[in-house]
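Mapping to this note's numbering: the sequence shown position 408 is 640, numbers consecutive. Each remark here refers to the structure printed beneath this line.
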Amino acid sequence: MGSISEPKNSTLEAALSQAHEEYTQNHPASNKNYAEACNYMPGGNTRTVLFSNPFPLTIDSGESCYLNTIDGNRYVDFLGEYTAAIYGHNHPEIKAAVQKALDGGWNYGAHNKLEPDLARAVCERFPPIDLVRFVNSGTEANMMAIATAMAVTGRKKILLFKKGYHGSTISGKVASGKPTINLPHEFVLGTYNDVQGTADIVRSLPKDSLAAILVEPMLGSGGCFAGTSEFLQTLRQLADETKAILIFDEVMTSRLDYRGLGSTVGITPDLMTLGKYIGGGMSFGAFGGRKDIMQLYDPRTGSLEHPGTFNNNVFTMSAGIAGSKLLTKEKLDALNALGDSLRQKVTTLLLARGIKGTMPSSPVADDMQVAEHPQRPPKMFINGVGSLNAIHFAGPDREALQSLYYHHMLQSGIYMAPRGFVALNIMLTEDHVGQFLEATEAFCDKFDRFLQW
């Protein structure tokens, strides 16, 4: 590999075209595999976020913090399976736990000894969760939390926020005029971190119509913009005022503090959803919260049913328990400190090159993506909390710049999300972060002419 060659001419379009050409030359086996996949899956894909132009990489194996492609290329993993691979890859302790489960058989159709242990670990770690139930994904967790809130309140409206993401069928990323696969709930959309606007929306709704407020304490796929203390506190107050259920979606953000990101601002939600890494890298989701709410699922006395063939599958239970023992508070604190260090150093690097602007506190509106706007963001910036960060580009050519950066980082041996998302894992070291910084610095040096307004 190595960095992208010097562009043959000075246009951004030419630089990106050249990056795609070199990528294609370096990954012939991935290209062939993708072409074969297109014969059987729409777009050769069964998970949209994994696609990237001109075609996605095909990974053959992973170990520690490294990923290996079928082309024989090796990358340092700065994506961490979109937060699910916080333990790195093929961790021996998790592998041993799953192997033990494999040896004992699976799909019992019955209770097992593992599920109470994982439930205890979840309840003891996260103060808002008195009782918990397991599902198979963060999407399911949020679907169940919404359904629970609607059942408890007898209401139908759900407040979400633009650019928020709560799973494949619950998203605030709805584009005007485009079809959506969102569930047909009565969703109301607010603007993230807009305190007064959100209060106005809630108070304008018909009385006793709002069932729940569903929010990420930090937008995850929406760009790693953290909710302000004032904003999250306002949501708690509005929920209390309307007797709606406040749901914190911590599927991604629970890793940003041992007690969950919401705990850092001293706010207790009524329900909390989890997913990703807590299943030890296996398919996992959970929803839990106040005892008086969750008690409704007690089959001895409750009124709500919650089936699910794989909710307590032994692979997830085993891997999750092993993961909970691995991920101590000390390890999590160190990981988040490493992420803070990466973000601070990238910011320093960009400022030193004169890449400046108004740092946004929420996703940048389209009308701010022009040089004439007085609050235009930097052409390139990083934001986030702890071990979750996102590299952004601004301006009318932002998508091309984002893609060029992604390909530059691949050429430098670093795997991250095409959209700029970075999720660290516990196997990464300061040396790996140094490699990330060197690659980013080289990108800024080589393509500086595209990074100034």
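All residues carry an ideal CB built from backbone N, CA and C; glycine is no exception.
In terms of residues, what are the limits of the beta strand (DSSP E) holding H624?
-> Translated into the one-based positions of the sequence shown, residue 624 becomes position 392. From DSSP, the beta strand (DSSP E) with H624 extends over L620 to F625.
Starting from T505 and walking both ways along the beta strand (DSSP E), at which residues does that stretch end?
-> The count along the sequence shown starts at 1 and reaches residue 505 at position 273. It spans L503 to G507 - the beta strand (DSSP E) in which T505 sits, taken as one unbroken run.
Looking only at its own chain, which residues have a Cβ that is under 6 Å from the Cβ of D629, when we skip the five neighbours before and after it?
-> The count along the sequence shown starts at 1 and reaches residue 629 at position 397. Closer than 6 Å at Cβ, skipping near neighbours: L244.
Is DSSP giving L642 helix, strand or coil here?
-> Reading the sequence shown from its first residue, position 410 is the one you call residue 642. If DSSP states are grouped into helix, strand and coil, L642 belongs with the helices.
Indicate whether V596 and P606 have their beta-carbon atoms separated by less than 8 Å.
-> The residue labelled residue 596 in the question sits at position 364 within the sequence shown. The residue labelled residue 606 in the question sits at position 374 within the sequence shown. No; because the gap between Cβ atoms is not below 8 Å, this pair is not in contact.
Would you mind reading off the limits of the alpha helix (DSSP H) that contains L289?
-> Counting from 1 along the sequence shown, the entry for residue 289 is found at position 57. No alpha helix (DSSP H) contains L289, which DSSP labels as neither H nor E.
Closest Cα partner of A584 within the set L493, M612 and R306 = Start at 1 with the first residue of the sequence shown, and residue 584 comes out as number 352. Selected option, being the one with the closest Cα: M612.
Could you tell me which of A246, K388 and S550 sits nearest to G337, measuring between CA atoms?
-> Indexing the sequence shown from 1 puts residue 337 at position 105. The residue with the shortest Cα to Cα distance from G337 is S550.
Whose CA, out of I302, A518 and Y529, lies closest to the CA of L350?
-> Taking the first residue of the sequence shown as 1, we reach residue 350 at position 118. Answer by Cα proximity: A518.
Candidates L669, V602 and T661: closest to I614 by CA position = The residue labelled residue 614 in the question sits at position 382 within the sequence shown. Ranking L669, V602 and T661 by Cα distance to I614 puts L669 first.
Which of helix, strand or coil does DSSP assign to L451?
-> Taking the first residue of the sequence shown as 1, we reach residue 451 at position 219. The answer is coil: DSSP assigns L451 none of H, G, I, E or B.
Can you tell me whether L464 is buried or exposed, with buried defined as 16 or more other CB within 10 angstroms of its CB?
-> Here the question's residue 464 lines up with position 232 in the sequence shown. Counting Cβ neighbours within 10 Å, L464 comes out buried, since at least 16 surround it.
Sub-8 Å separation of V578 and F310 beta-carbons = Here residue 578 refers to the residue found at position 346 of the sequence shown. Here residue 310 refers to the residue found at position 78 of the sequence shown. Their beta carbons are not under 8 Å apart, which means V578 does not touch F310 by this criterion.
Could you tell me whether the region 441-454 touches the region 473-480, where touching means 3 or more Cβ pairs closer than 8 Å?
-> yes
So G422 is in the beta strand (DSSP E); what residue range does that whole segment cover?
-> For the purposes of this step, residue 422 is identified with residue 190 of the sequence shown, where counting begins at 1. Unbroken beta strand (DSSP E) run through G422: E418 to G422.
For H259 versus S296, is the C-beta distance shorter than 8 Å?
-> For the purposes of this step, residue 259 is taken as residue 27 along the sequence shown, with counting starting at 1. For the purposes of this step, residue 296 is taken as residue 64 along the sequence shown, with counting starting at 1. It is not a contact, given that the beta carbons lie outside the stated cut-off.
Determine the direct distance from the alpha carbon of R491 to that of S619, and round the result to whole angstroms.
-> For this step, residue 619 is matched to residue 387 along the sequence shown. For this step, residue 491 is matched to residue 259 along the sequence shown. Going by the C-alpha atoms only, they are around 15 Å apart.
If you draw a straight line from the C-alpha of L570 to the C-alpha of L642, how long is it?
-> In the sequence shown, counting from the first residue as 1, residue 570 sits at position 338. In the sequence shown, counting from the first residue as 1, residue 642 sits at position 410. Straight-line Cα distance between these residues: approximately 21 Å.
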